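S.K.: Numbering (the working numbering), first residue to last: 73 to 449.
There's a structure below that I have some questions on.
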Ligand code: UDP
Ligand code: MN
């Protein structure tokens, strides 16, 4: 039997007025029994659907565990710039044939989770540039120059213009309490600098640690719309050689130059279980430097959010991790593995003699007089 559609409406919308009208106007049934059968059938279907979906969504949740910290601190996808990039190499580009037998043997170039460790001689800069430049990427670079550290800005910016992401769109974000002291540096085409005022502090530990929070909020308020990748760097440093697209990845960390030859028990991780940055003696991959974090804007957003929150939890318990944000960073990266690891070529220290495995120093911390530049010692 084919029921006219108008027959079902009163049942579905529950309008008794319309129902009466339908019965009298269009239907020939002697009783109103059948609409209730239909209602019952619809009800059973809804119930079955509910049971089915709740069962499967529970299974899905069980199959894909999501770290609570990460879940609650992710930028939702539509908020960041869209990105579909393939590794397209131009036709007829001539470069040295890669070998599967000959390469660097004095250093390890891959982590146990198969992320590359970037050393001189492991990549072809011409090929890398030819792949990445057509993507027209914008790289955000945050740098803090609070208090007397503003004096490091000129060298930092001038050397960055010579060596850092040359040929890419770069947006520097300079955070300072002394905007009038930011030097004017000639920027090459496609590069832009904005100054963002932040409060000063009389504790260097606080300045250094608050970077996580300020980077997080600035990603939220503007960087997520303005850049694809982000690097967060120490200002008391200079570039000396190429730092290019070989460093780009989802989550990028750098191996601290002071500890790459040490066993993990010697790493200066936070060792007190009371701190949220705690790492037990028998865990740890590398000791990462806090002077550089990088990656996709959304991945660095998550990292800064988690580190900032952990820092706040510690502060609530009156505990400050051994190396402030560097300790929280190391804890984060132990359980959220970086997708690319930069060798100490990308973070050296001027006071440290070059070692034989470091063929080129790309970025290095200058020697500073702590008593002279820091608000407290
Ligand atoms: N910083 C700053 N003003 C300060 C102390 C620190 O702007 O008074 C910022 C600056 O960007 C610096 C970073 O925090 O590069 C980390 O501090 P610092 O370089 O003193 O730490 P270190 O590299 O010596 O461990
Ligand atoms: Mn530094």
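Ideal Cβ placement from N, Cα and C applies to all residues, glycine included.
Note that the structure is a prediction, hence the values are computed from the model and not measured.
Just the Cα atoms here: how many angstroms apart are residue 362 and residue 175?
M.R.: Stepping through the chain shown from its first residue, residue 362 is reached at position 290. Stepping through the chain shown from its first residue, residue 175 is reached at position 103. Spanning the two alpha carbons is a distance of roughly 29 Å.
S.K.: Going by DSSP, what residues sit across from residue 436 in a beta bridge?
M.R.: Stepping through the chain shown from its first residue, residue 436 is reached at position 364. DSSP lists 310, 420 as partners of residue 436.
S.K.: Is the CB-CB distance between residue 423 and residue 400 below 8 Å?
M.R.: Mapped onto the chain shown, residue 423 falls at position 351. Mapped onto the chain shown, residue 400 falls at position 328. Remark: C-beta atoms of residue 423 and residue 400 do not approach each other more closely than 8 Å.
S.K.: Count the other CB atoms within 10 Å of the CB of residue 280; is the residue buried (16 or more) or exposed (fewer)?
M.R.: Against the chain shown, residue 280 aligns to sequence position 208. With 16 or more other Cβ atoms within 10 Å, it is buried.
S.K.: Cβ atoms of residue 367 and residue 301: under 8 Å apart, would you say?
M.R.: In the chain shown, residue 301 corresponds to position 229, counting from 1. In the chain shown, residue 367 corresponds to position 295, counting from 1. Their beta carbons are under 8 Å apart, which means residue 301 touches residue 367 by this criterion.
S.K.: Any idea if residue 433 is buried or exposed, counting beta-carbon neighbours within 10 angstroms, 16 or more meaning buried?
M.R.: Taking the first residue of the chain shown as 1, we reach residue 433 at position 361. So residue 433 counts as buried.
S.K.: For the ligand MN, is there any heavy atom lying closer than 7 Å to the beta carbon of residue 219?
M.R.: Residue mapping note: residue 219 aligns to position 147 of the chain shown, counting from 1. Every heavy atom of the ligand MN is 7 Å or more from the Cβ of residue 219, so no.
S.K.: Taking 8 Å as the cut-off, decide whether the C-beta atoms of residue 289 and residue 242 are in contact.
M.R.: Taking the first residue of the chain shown as 1, we reach residue 289 at position 217. Taking the first residue of the chain shown as 1, we reach residue 242 at position 170. It is not a contact, given that the beta carbons lie outside the stated cut-off.
S.K.: Across which residues does DSSP place residue 366 in a beta bridge pair?
M.R.: The residue given as residue 366 occupies position 294 in the chain shown. Paired residue(s): 303, 324.
S.K.: At the level of alpha carbons, what is the spacing between residue 66 and residue 168?
M.R.: No answer is possible for residue 66: the residues shown for the chain start at 73 and end at 449.
S.K.: Going by Cα to Cα distance, which pick from 215, 204, 107, 191 is closest to residue 157?
M.R.: For the purposes of this step, residue 157 is taken as the residue at position 85 of the chain shown. Comparing Cα positions, the closest option is 204.
S.K.: Do you know how far the Cα of residue 115 is from the Cα of residue 326?
M.R.: Residue numbering aside, residue 326 sits at position 254 when the chain shown is read from its first letter. Residue numbering aside, residue 115 sits at position 43 when the chain shown is read from its first letter. Their backbone Cα atoms lie some 59 Å apart in a straight line.
S.K.: Would you list the residues sitting across from residue 265 in a DSSP beta bridge?
M.R.: For the purposes of this step, residue 265 is taken as residue 193 along the chain shown, with counting starting at 1. DSSP output for residue 265 lists 244 as bridge partner(s).
S.K.: At a cut-off of 7 Å, would you count residue 357 as near the ligand UDP, judging by its Cβ distance to the nearest heavy atom?
M.R.: Locating residue 357 in the chain shown gives position 285, counting from the first residue. Result no, Cβ not under 7 Å from the ligand UDP.
S.K.: Would you call the CB atoms of residue 402 and residue 331 closer than 8 Å?
M.R.: Numbered from 1 along the chain shown, position 330 holds the residue referred to as residue 402. Numbered from 1 along the chain shown, position 259 holds the residue referred to as residue 331. No; because the gap between Cβ atoms is not below 8 Å, this pair is not in contact.
S.K.: Is residue 314 buried or exposed, if buried means 16 or more other CB atoms sit within 10 Å of its CB?
M.R.: For the purposes of this step, residue 314 is identified with residue 242 of the chain shown, where counting begins at 1. The residue is buried, with at least 16 neighbouring Cβ atoms inside 10 Å.
S.K.: Does any residue of chain D have a CB that is nearer than 8 Å to the CB of residue 111?
M.R.: In the displayed structure, chain D is absent; only one protein chain is listed.
S.K.: CB residue 189 to CB residue 413, shorter than 8 Å?
M.R.: The residue given as residue 189 occupies position 117 in the chain shown. The residue given as residue 413 occupies position 341 in the chain shown. Their beta carbons are under 8 Å apart, which means residue 189 touches residue 413 by this criterion.
S.K.: So, helix, strand or coil for residue 188, using DSSP?
M.R.: Indexing the chain shown from 1 puts residue 188 at position 116. The answer is strand: DSSP assigns residue 188 an E or B state.
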